[in-house]
Structures are given as C-alpha cells and as structure tokens.
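Colleague: Here it is: the structure, laid out below.
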Amino acid sequence: MPFTANRAFKRAPRMLVAAKGMYYTAADGRQILDGTAGLWCVNAGHCRESITAAIREQAGVMDYAPPFQMGHPLAFELAQQLVRMLPGDIDHVFFGNSGSEAVDTALKIALAYWQSKGQPQRVRFIGRSRGYHGVGFGGIAVGGIEANRKQFAGQLLPAVDHLQHTHDLSRNAYSRGQPRQGAELANELEAVVQKYGADTIAAVIVEPVAGSTGVLIPPVGYLDRLREICDRHGILLIFDEVITGFGRLGAPFAADKFGVVPDIMTVAKGITNATVPMGAVCVRHGIYDCVVNASASGIELFHGYTYSGHPLAAAAGLATLDVYRTEGLFERAASLEDYFGDAVHALRGTRHVVDLRNIGIVGAVELEARPGAPGARGFEAFLKCFDAGVLVRSTGDTLALSPPLIVEREEIDRIFETVGQALREIA
Ligand SMILES: Cc1ncc(COP(=O)(O)O)c(C=O)c1O
C-alpha cells in the first residue's frame with residue numbers, strides 16, 4: 057500500500073466501502089465525515105450524479121482512443137474549458153494521469169522549451185525544502201521531503217537545488233491567512249542565481265501553498281518576489297497547483313488567489329473530482345509556441361502517456377467543471393473561508409497545539425511532537441478522529457483539514473470539535 061505502514065494496516069485495517077456527498081461509509085457501516093476531500097481531491101463531494109452519469113455514458117460510447125497520432129473531441133473540449141478558467145496567457149494543456157506525471161511533464165516541457173529557444177544549457181531546477189511534487193524521479197528530485205528521497209537518493213536528477221521553506225513559527229505562529237513575515241525568504245533565489253548563473257537555470261518549482269508537508273502558506277509578498285526574480289533572470293516559474301487548484305483556496309487557482317501568474321502550472325486531483333485519474337500541465341502561450349513552432353517538422357515533444365486525455369477522464373473532467381460552475385463552488389469556498397478559519401483558530405489553547413493556520417478551505421493543526429517519536433501524536437490523533445467518525449489527515453505531527461467545498465457549517469463545527477476532543481484524549 058502506498059505511503060502506509062503495511063504491517064500495521066494488516067493488523068487493523070481501515071476500509072471504506074461507499075461514499076456520498078460529505079460522507080464515506082466504513083466497512084463496519086459507520087458514516088465517516090470526510091474532512092479531507094479524500095486526499096485533497098473530491099472538491100465537489102462524493103459520487104456526484106452528473107459526474108458518475110457522464111463517466112457511465114462515455115464508457116458505453118467510446119472506452120478508449122489512442123492519444124498518439126490520434127485524438128478525440130472530449131479531450132480538446134476539456135482543454136478549451138480549462139483554458140477559459142486559467143489565469144494570464146496560459147492557453148495550452150497537456151494531459152496525463154496524476155499529479156506526479158504532471159510534475160515530470162512540466163519539468164520536461166521546461167527543458168524542451170530551453171532547447172527550442174537555443175539555450176540547452178539551462179537544465180537546473182530549483183525546488184524548495186519541504187516541497188511535495190509527487191513521486192516520479194523528477195518530482196522527488198525537486199521535492200524537499202527527505203523521507204521521500206532517502207531510499208532513492210543514489211539516483212536522483214543531478215542538477216537540482218532547493219530554496220528554504222517559509223515555515224517560521226517564531227515569527228508567524230497562529231497566522232490567519234497569509235503570514236505577515238517572510239517575503240524576504242524569496243531573495244534566496246537571487247543568491248542561487250548568483251551561485252550557478254541564471255543561464256544554467258531552467259525553472260523554479262513551488263507549491264503556492266505547500267500541502268502534503270503540513271500546509272505551509274506563503275508569506276505576504278513571497279510569491280510576487282519569486283516571480284520578480286524569475287522575470288529578471290528569464291527563469292520559468294512553475295506552480296504545482298495539484299492541491300491548490302479548483303477552488304480549494306476560494307479562488308479557481310492559487311495564482312488567482314495570490315495574484316501571481318506562473319509560466320507553467322500543474323493540476324490534477326480536483327480536475328475530475330478524483331473520479332477518474334487525470335493530471336494536466338498548463339503552459340503560457342509563448343512556451344507552447346516555442347516548443348511547437350521552433351522544432352523541425354514531425355513530433356515536437358517526445359513525451360506522452362497511453363492514457364493521456366483518456367475519454368472517461370475527459371468526460372469526468374467536463375462534468376466536474378460543470379458542477380463547479382453551476383453550483384458556484386469556488387465562490388462558496390470563498391464565502392466559507394472566514395467561518396472555516398474561525399473554527400480552525402478556536403482550537404487555540406487546546407492540549408498539544410503549537411500552531412494553527414488556514415487559508416481558503418484548508419486548515420492545519422500543528423502539534424508538539426512527542427519527544428523521540430516524531431509523527432506518533434499526529435497519527436494517534438488521526439486514529440482517534442477516525443474512531444469518532446471524522447476523516448482527517450496527519451502529516452507528521454500536523455493535522456491537515458480540507459473538506460469538500462460543499463461542506464456545511466455544522467459539518468465544519470463537527471470536524472474541529474472532533475479534533476479538539478481527540479487532542480484532549482491522546483497522550
Ligand atoms: C503539490 C502536489 N504535487 C504532486 C502531487 C502528486 O500527485 P499524485 O499523487 O496524483 O501523483 C501531489 C499529491 O498530493 C501534490 O500535493
């Protein structure tokens with residue numbers, strides 16, 4: 057099982073057998089309130105009728121079409137609808153099947169771009185410590201979660217460096233929304249440029265809000281400064297919006313929320329409401345134009361997946377975007393942001409809590425690590441909440457909350473009351 061203590065799981069499995077709206081049904085029949093939208097992905101809630109109907113219907117019309125040298129209209133339609141939602145001049149989309157594939161594809165597109173532009177020496181990628189960019193070799197190389205790298209450290213991408221992360225409890229504990237302090241941390245990119253030379257750097261990749269590492273929200277001005285430094289040196293800026301996309305922050309994308317447009321954006325998860333696996337890389341006009349038009353005739357990008365733009369995923373994606381639009385779910389998330397933030401910060405003073413933070417419909421409850429057993433307290437809190445009928449996510453000693461955007465106020469209350477009770481009960 058992925059990212060799971062397999063032996064412990066087999067001794068005490070936690071199995072889910074059905075889902076509807078805000079709730080899972082566990083194997084023992086209990087209703088479990090979904091405080092995490094699955095894995096940050098079921099933004100419109102579970103088993104939405106119009107989405108499942110679209111998938112069923114497409115499965116009966118055309119199950120599969122090869123994407124190499126062939127196409128099918130739904131994938132193009134989905135790309136067009138996405139482009140209408142995307143910020144700035146991001147106007148082309150390449151489909152894959154996951155966030156990890158989107159990240160590796162984005163890195164490849166960055167390299168292809170510099171080759172086409174006549175600067176093939178620009179190969180270095182700059183990630184950020186504590187960043188999570190999936191599990192492909194590219195993603196773990198630019199990622200900054202040590203546990204995900206160390207089993208594979210003998211063979212990662214060679215030309216990579218990392219900025220420091222922005223999490224600083226000494227200055228920003230209990231921030232609501234963006235922390236006030238820390239924009240200057242982006243200046244480290246300037247130092248990295250001086251160290252290697254701008255003309256060797258292909259791209260900088262960051263999660264606008266780092267999710268999997270425990271919800272690290274960018275300080276006010278930080279992303280703007282990264283953008284400025286990238287512009288000054290002609291470096292591409294990649295936002296990994298696999299978690300932050302599709303309304304999670306109360307705006308279509310983090311780029312909209314923070315008013316900073318990247319050159320390349322990766323998305324996945326919420327693109328199909330997690331019904332059928334899909335990811336995508338979205339690029340600014342000039343990147344598409346350069347890669348496609350500067351190459352000799354024939355195949356322009358030697359990359360792709362058997363299931364790129366899969367018909368079922370494309371049908372699911374179109375139905376999902378329709379739900380987001382017709383139900384105004386991104387606006388709904390924005391209107392709930394304050395209520396959600398109040399619920400997060402109401403846990404201040406609760407046993408074990410050392411920080412609370414929130415943005416959009418994302419919250420984090422950071423716990424003091426148990427001496428000598430990092431992560432144990434967070435995991436026990438997760439188990440307690442599950443026993444009490446609420447699904448939360450523990451990442452180390454931080455509990456991350458990110459319910460579907462259809463969440464009701466009483467459900468927000470219940471999520472945080474359950475977390476509070478769990479923290480009072482665990483050692
Ligand atoms: C920011 C980010 N990038 C990439 C990924 C990888 O996505 P996947 O698990 O679909 O490969 C994730 C997954 O959580 C993510 O949060």
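Each residue of the sequence shown is one higher than the one before, starting from 57 at the first, in our numbering.
Glycine included, C-beta positions come from ideal geometry on N, C-alpha and C.
Quick caveat: nothing in here was measured; it's all calculated off a predicted structure.
Throw me the rounded Cβ distance for the L447 and D160 pair, which I believe falls under 8 Å.
Modeller: If you number the sequence shown from 1, residue 447 lands on position 391. If you number the sequence shown from 1, residue 160 lands on position 104. Rounded, the Cβ-Cβ distance is 29 Å, inconsistent with contact.
Colleague: Could you tell me whether the Cβ atoms of G238 and P275 are closer together than 8 Å?
Modeller: Taking the sequence shown and counting its residues from 1, one reaches residue 238 at position 182. Taking the sequence shown and counting its residues from 1, one reaches residue 275 at position 219. Against a cut-off of 8 Å, the Cβ pair of P275 and G238 comes out as a contact.
Colleague: Are there three or more Cβ pairs, one per stretch, closer than 8 Å when the region 116-135 is compared with the region 299-316?
Modeller: no
Colleague: Measuring CA to CA, which of A266, P264 and D255 is closest to D287?
Modeller: On the sequence shown, residue 287 is found 231 positions in, with the first residue counted as 1. Out of A266, P264 and D255, D255 has the C-alpha closest to the C-alpha of D287.
Colleague: Which whole-angstrom value is the C-beta distance of G335 and V323, which I expect to be below 8 Å?
Modeller: The residue given as residue 335 occupies position 279 in the sequence shown. The residue given as residue 323 occupies position 267 in the sequence shown. With a Cβ gap of about 7 Å, G335 and V323 count as contacting.
Colleague: Does the pairing of the region 411-428 with the region 221-236 give three or more beta-carbon distances under 8 Å?
Modeller: yes
Colleague: Counting only runs of 3+ residues fully inside the region 293-365, write out the beta strand (DSSP E) ranges in chain order.
Modeller: 320-323 and 335-340
Colleague: If contacts are defined as beta-carbon pairs under 8 Å, then G187 and G200 qualify, I think. What distance do you get, rounded to the angstrom?
Modeller: Residue numbering aside, residue 187 sits at position 131 when the sequence shown is read from its first letter. Residue numbering aside, residue 200 sits at position 144 when the sequence shown is read from its first letter. The pair is a contact, with the Cβ atoms about 4 Å apart (cut-off 8 Å).
Colleague: Tell me the DSSP secondary structure of A266 in three-state form.
Modeller: Taking the first residue of the sequence shown as position 1, residue 266 is located at position 210. Strand at A266.
Colleague: In this structure, how does DSSP classify F181 when only helix, strand and coil are distinguished?
Modeller: Residue 181 sits at position 125 when you count from the first residue of the sequence shown. In this structure, F181 counts as strand in the three-state DSSP scheme.
Colleague: I believe L219 touches I182 by the beta-carbon criterion, under 8 Å. Please report the beta-carbon distance rounded to the nearest angstrom.
Modeller: Counting from one through the sequence shown, the residue named residue 219 turns up at place 163. Counting from one through the sequence shown, the residue named residue 182 turns up at place 126. About 6 Å; that satisfies the 8 Å criterion.
Colleague: Nearest by alpha-carbon distance to G342: which of T108, V149 and I273 is it?
Modeller: As a first step, residue 342 is located in the sequence shown; it is residue number 286 there, counting from the start. Here the closest residue by C-alpha is V149.
Colleague: Quick check: L455 and V421, are their CB atoms within less than 8 Å of each other?
Modeller: For the purposes of this step, residue 455 is taken as the residue at position 399 of the sequence shown. For the purposes of this step, residue 421 is taken as the residue at position 365 of the sequence shown. Yes, the Cβ-Cβ distance between L455 and V421 is below 8 Å.
Colleague: Taking 8 Å as the cut-off, decide whether the C-beta atoms of V11 and G155 are in contact.
Modeller: Residue 11 cannot be examined here, being either before or after the span of the chain that is shown, 57 to 483.
Colleague: So does H189 have its beta carbon nearer than 7 Å to some heavy atom of ligand 1?
Modeller: Here residue 189 refers to the residue found at position 133 when the sequence shown is read from its first residue. Because some heavy atom of ligand 1 lies under 7 Å away, the Cβ of H189 counts as near it: yes.
Colleague: On the premise that I462 lies in contact with M78, defined as a C-beta separation below 8 Å, what is that separation, rounded to the nearest angstrom?
Modeller: Numbered from its first residue, the sequence shown carries residue 78 at position 22. Numbered from its first residue, the sequence shown carries residue 462 at position 406. Confirmed, about 7 Å.
Colleague: Would you give the residue range spanned by the beta strand (DSSP E) that G152 belongs to?
Modeller: Here residue 152 corresponds to residue number 96 of the sequence shown, with the count starting at 1. Taken as a continuous stretch (DSSP letters only), the beta strand (DSSP E) holding G152 covers I146 to G152.
Colleague: Rounded to whole angstroms, what is the Cα-Cα separation between F386 and P143?
Modeller: Counted from its first residue, the sequence shown places residue 386 at position 330. Counted from its first residue, the sequence shown places residue 143 at position 87. The straight-line gap from Cα to Cα measures roughly 15 Å.
Colleague: What three-state label does DSSP hand G431 in the structure shown?
Modeller: Taking the sequence shown and counting its residues from 1, one reaches residue 431 at position 375. In the three-state DSSP reduction, G431 falls in the coil class, being neither helix nor strand.
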